[in-house]
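Residue numbers (full-length UniProt numbering): 1 to 205.
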């Protein structure tokens, strides 16, 4: 810590890793990032790749080749391409476009995104009720609420049939969605609706 005063974690032998931050959200973000990096390092090691270098080359020299050129050619065919310095460049298996908390603070999500979705559920459903997208959202919510009612989930209320009228259906949907958000539930039905509310909010600005 003395050498790296800006560090946000320390690994204590036989104890574990200790992570901290200016707030619990900051500490949580740091912990998630470290978890991702450690997991990636372990997976690279299992693949026989050096996690400690940017090019992630093989951790051991390949044996059984008559020349460096033949070695490069055969290894490249199996693992990737070779650059001008004869370093093996593995083919990318995935592209990370976003890690939560790195491009936008998590506090923005909790303080802005979630409240916006909660406060605009009714308005969004009323404005887009007849669209195929919103009908699909309602279908998912109906299925989720049916399961919640069977399991006795707190805050779940029955959603009336379409015959009951648009306003009654929306009122019950709003009640269920607000309960889901309050409980911080990680379910597809809620996340899909929230995404559509945010998207419409961005487009309409």
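Note that beta-carbon positions come from the ideal geometry of N, C-alpha and C, so glycine has one too. Everything numeric in this text was worked out from a predicted model, so none of it was measured.
- Query: Would you call the segment 166–174 and the segment 117–129 touching, i.e. three or more CB-CB distances under 8 Å?
  - Reply: yes
- Message: Can you look up residue 42 in the DSSP assignment and give me helix, strand or coil?
- Response: The residue you call residue 42 lines up with position 42 of the chain shown. Note: residue 42 maps to helix in three-state DSSP.
- Task: Specify, as a first and last residue, the run of the alpha helix (DSSP H) that residue 116 falls within.
- Result: Position 116 of the chain shown holds residue 116. Per DSSP, residue 116 belongs to the alpha helix (DSSP H) from 114–119.
- Item | residue 65 (DSSP reduced to helix, strand or coil) | Here residue 65 refers to the residue found at position 65 of the chain shown. With a pLDDT of 41 at residue 65, under the threshold of 50, the modelled position of this residue cannot be trusted, and the question is left open.
- Task: Kindly indicate which three-state DSSP category residue 208 falls into: helix, strand or coil?
- Result: It is not possible to answer for residue 208, since the shown part of the chain is limited to 1 through 205.
- For the alpha helix (DSSP H) that residue 169 lies in, which residues bound it at each end? One-based indexing of the chain shown puts residue 169 at position 169. Taken as a continuous stretch (DSSP letters only), the alpha helix (DSSP H) holding residue 169 covers 166–182.
- Backbone CA spacing between residue 95 and residue 160 [nearest angstrom]: If you number the chain shown from 1, residue 95 lands on position 95. If you number the chain shown from 1, residue 160 lands on position 160. Rounded to whole angstroms, residue 95 to residue 160 spans 43 Å at the Cα level.
- Task: Let me know the secondary structure DSSP gives residue 16 once reduced to three states.
- Result: Here residue 16 corresponds to residue number 16 of the chain shown, with the count starting at 1. Three-state DSSP puts residue 16 in a strand.
- Item | residue 199 - DSSP class collapsed to helix/strand/coil | For the purposes of this step, residue 199 is identified with residue 199 of the chain shown, where counting begins at 1. In this structure, residue 199 counts as helix in the three-state DSSP scheme.
- Query: So, residue 31 versus residue 19, is the Cβ gap smaller than 8 Å?
  - Reply: Here the question's residue 31 lines up with position 31 in the chain shown. Here the question's residue 19 lines up with position 19 in the chain shown. Yes.
- Message: Less than 8 Å between the beta carbons of residue 170 and residue 122, yes or no?
- Response: Translated into positions along the chain shown, residue 170 becomes position 170. Translated into positions along the chain shown, residue 122 becomes position 122. In contact: residue 170 and residue 122 (Cβ atoms closer than 8 Å).
- Message: With distance defined between alpha-carbon atoms, name the residue in 2, 135, 142, 111 nearest to residue 172.
- Response: What you label residue 172 is simply residue 172 of the chain shown in a count that begins at 1. The option with the nearest alpha carbon to residue 172 is 142.
- Please state whether DSSP places residue 9 in a helix, a strand or coil. Locating residue 9 in the chain shown gives position 9, counting from the first residue. Note: residue 9 maps to strand in three-state DSSP.
- Task: Would you identify the three-state DSSP class for residue 47, choosing helix, strand or coil?
- Result: Taking the first residue of the chain shown as position 1, residue 47 is located at position 47. Three-state DSSP puts residue 47 in coil, outside helix and strand.
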